[in-house]
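In my numbering, the protein residues as written are 6 to 257.
Here a beta-carbon is modelled for each residue, glycine too, at the ideal position from N, C-alpha and C.
Structure first, commentary second.
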Ligand code: PGA
């Protein structure tokens with residue numbers, strides 16, 4: 006079996022002024038200094054990337070953004086390019102989060118463009134997929150996820166799977182406190198790996214990290230991380246509290 010280094014990512018969403026962000030980042034840096042068997046990533050809002058970059062400099066903590074545009078530059082008011090993210094110190098970028106799909110019209114086609122642009126610039130995309138409560142109730146979960154992977158990863162130019170992270174985030178579990186059971190999450194993660202093996206090739210799929218996201222907390226992370234195809238977690242709410250996040254980072 007291919008060894009996959011666990012990745013614990015904090016998605017701060019639209020929270021945190023620069024002072025708070027810097028404090029939180031420093032607390033995470035301090036609390037992770039002895040860890041070498043896992044990777045930790047912070048994804049603050051755009052306005053705090055710079056101070057968080059300063060706080061994590063010299064540590065092993067990675068910096069990620071929560072969105073990116075696919076064009077290099079130009080008349081795209083309000084957008085941020087991959088080069089700008091690289092310039093501020095990002096190594097990763099979250100793409101296709103369900104909140105962007107739900108509230109900002111993010112489509113699979115846009116995800117594909119963003120993934121391609123990110124990889125071309127050397128950013129590692131963390132591509133989010135997941136079904137809504139209605140889709141789960143209708144029994145279309147796997148169909149939805151297969152479509153999101155196919156259309157989001159196979160654009161005119163195929164994604165390089167070697168530098169790709171996938172996050173399974175069931176929409177009904179995000180911010181609701183209703184975490185997926187480890188069994189349920191494992192079943193979808195195994196399915197995602199199977200789809201990746203079909204789109205790319207099985208050895209590459211075996212090496213691809215698949216994170217779980219949706220109400221991950223200190224009291225449920227250990228069980229989730231025991232599952233063979235759960236390679237890390239994408240944490241929203243609990244990543245805003247240093248103590249809670251550091252406990253998640255130190256999953257058993
Ligand atoms: P949550 O968010 O941990 O607050 O449920 C997860 C996410 O949206 O990435």
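Between the alpha carbons of residue i and residue j, how many angstroms are there, rounded?
i: residue 156; j: residue 164; result: 11 Å
i: residue 202; j: residue 176; result: 24 Å
i: residue 90; j: residue 17; result: 16 Å
i: residue 85; j: residue 74; result: 6 Å
i: residue 105; j: residue 112; result: 9 Å
i: residue 244; j: residue 15; result: 5 Å
i: residue 221; j: residue 126; result: 30 Å
i: residue 204; j: residue 158; result: 9 Å
i: residue 252; j: residue 33; result: 10 Å
i: residue 191; j: residue 99; result: 21 Å
i: residue 93; j: residue 68; result: 9 Å
i: residue 109; j: residue 129; result: 22 Å
i: residue 48; j: residue 144; result: 32 Å
For the beta strand (DSSP E) that contains residue i, what are its first and last residues?
i: residue 133; result: 129-134
i: residue 16; result: 12-16
i: residue 171; result: 170-173
i: residue 157; result: Per DSSP, residue 157 belongs to no beta strand (DSSP E); it is in the alpha helix (DSSP H), 146-158.
i: residue 237; result: 237-240
Going by Cα to Cα distance, which pick from the options is closest to residue i?
i: residue 217; options: 132, 55, 158 and 25; result: 132
i: residue 31; options: 80, 198, 57 and 125; result: 57
i: residue 8; options: 67, 219 and 215; result: 215
i: residue 147; options: 166, 123 and 173; result: 173
i: residue 229; options: 193, 95, 69 and 142; result: 193
i: residue 63; options: 80, 209, 37 and 49; result: 37
i: residue 167; options: 22, 233, 206 and 231; result: 206
i: residue 45; options: 65, 35, 76 and 59; result: 65
For residue i, which three-state DSSP category applies?
i: residue 43; result: coil
i: residue 108; result: helix
i: residue 79; result: coil
i: residue 93; result: helix
i: residue 163; result: strand
i: residue 73; result: coil
i: residue 120; result: helix
i: residue 218; result: strand
i: residue 202; result: helix
i: residue 192; result: helix
i: residue 2; result: As shown, the chain starts at 6 and ends at 257. That puts residue 2 outside it, with no answer to give.
Between which two residues does the alpha helix (DSSP H) carrying residue i extend?
i: residue 212; result: 207-212
i: residue 85; result: Segment: none, residue 85 is in no alpha helix (DSSP H) and carries neither H nor E.
i: residue 36; result: 23-37
i: residue 63; result: Segment: none, residue 63 is in no alpha helix (DSSP H) and carries neither H nor E.
i: residue 227; result: 226-230
### Query
Taking one C-beta from the segment 181-194 and one from the segment 220-232 each time, how about it: are there three or more such pairs within less than 8 Å?
yes
### Message
Using a Cβ distance threshold of 8 Å, determine whether the segment 231-241 contacts the segment 141-155, with at least three qualifying pairs required.
### Response
no
### Message
With three or more C-beta pairs closer than 8 Å as the rule, is the segment 22-31 touching the segment 52-67?
### Response
yes
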